[in-house]
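Quick note on the working numbering: the sequence shown kicks off at 90 and runs consecutively. Note that CB positions come from ideal geometry on N, CA and C, so glycine has one too. Reviewing the structure listed below.
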Amino acid sequence: MVGTMVHQLTEGASPKEMAAAGLSADYVNHGLGIYPQSAGGIPYSAQAMQSKGDPITDLYENMAAEQKARSTYEYLLDLIDDPDVAAPISFLREREVVHFQRFGEALRIVEDYYDSKRMFVFPPHLDASKTGTDI
């Protein structure tokens with residue numbers, strides 16, 4: 090969505106208009122094309138994604154990512170005067186809040202599961218006490 094907004098805002102802009110907007114380097118590198126990068130100009134990379142394979146760790150990582158995105162959108166809103174640009178950014182900010190809440194709910198479910206007492210029943214063909222074998 091952000092890439093589409095940037096495209097719409099720069100569509101048809103001349104090189105001089107891009108320079109006046111402080112976008113000379115972007116124009117030189119990408120023309121008017123959409124190029125995924127952070128607000129600091131760092132290109133998107135999968136290196137920023139984290140996964141440990143542990144549900145609790147990964148859910149906390151997801152929650153942190155949602156909060157970082159939320160704060161970025163809030164900082165953008167501090168800089169935006171155009172209501173047509175602010176509206177979708179506000180929507181994206183609210184979406185991050187909802188994602189954070191849903192990941193929190195999933196975290197509680199996983200933690201409750203890990204904290205619950207579970208009984209594991211082996212099928213008869215795997216129950217060593219009944220077959221007299223040591224599996």
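Looking only at its chain, what residues have a beta carbon closer than 6 Å to the beta carbon of residue i, apart from the 5 residues adjacent to it on each side?
i      : result
Val210 : none
Glu150 : Gln139
Phe192 : Leu148, Asn151, Met152
Asp115 : none
Ala158 : Glu185
Leu121 : Thr99
Asp96  : It should be noted that the sequence gives His, not Asp, for residue 96. Cβ neighbours of His96 beyond the five flanking positions: Ile123.
Tell me the DSSP bridge mates of residue i?
i      : result
Gln126 : Pro132
Where does the unbroken alpha helix (DSSP H) through residue i begin, and where does it stop?
i      : result
Ser113 : 113-119
Met94  : 91-99
Pro144 : 144-168
Pro104 : 104-109
Phe189 : 172-204
Quick one: what's got a C-beta closer than 8 Å to residue i's C-beta in the same chain, skipping five residues either side?
i      : result
Gln156 : Glu185, Phe189
Gln126 : Pro132, Tyr133
Asn118 : Tyr124
Between residue i and residue j, which are expected to be in contact by the criterion C-beta below 8 Å, what is the C-beta distance as a whole number of angstroms?
i      : j      : result
Pro177 : Met94  : 6 Å
Met90  : Leu168 : Not really, about 17 Å apart at Cβ, beyond 8 Å.
Ala154 : Leu166 : Actually they do not touch by this definition, with Cβ atoms about 19 Å apart.
Thr161 : Ala128 : 6 Å
Excluding sequence positions up to five away, which residues of its chain have a Cβ less than 7 Å from the Cβ of residue i?
i      : result
Pro104 : Tyr116
Ser113 : Met107
Glu163 : Arg182
Are the region 137-152 and the region 190-200 touching by the rule of at least three beta carbon pairs closer than 8 Å?
yes
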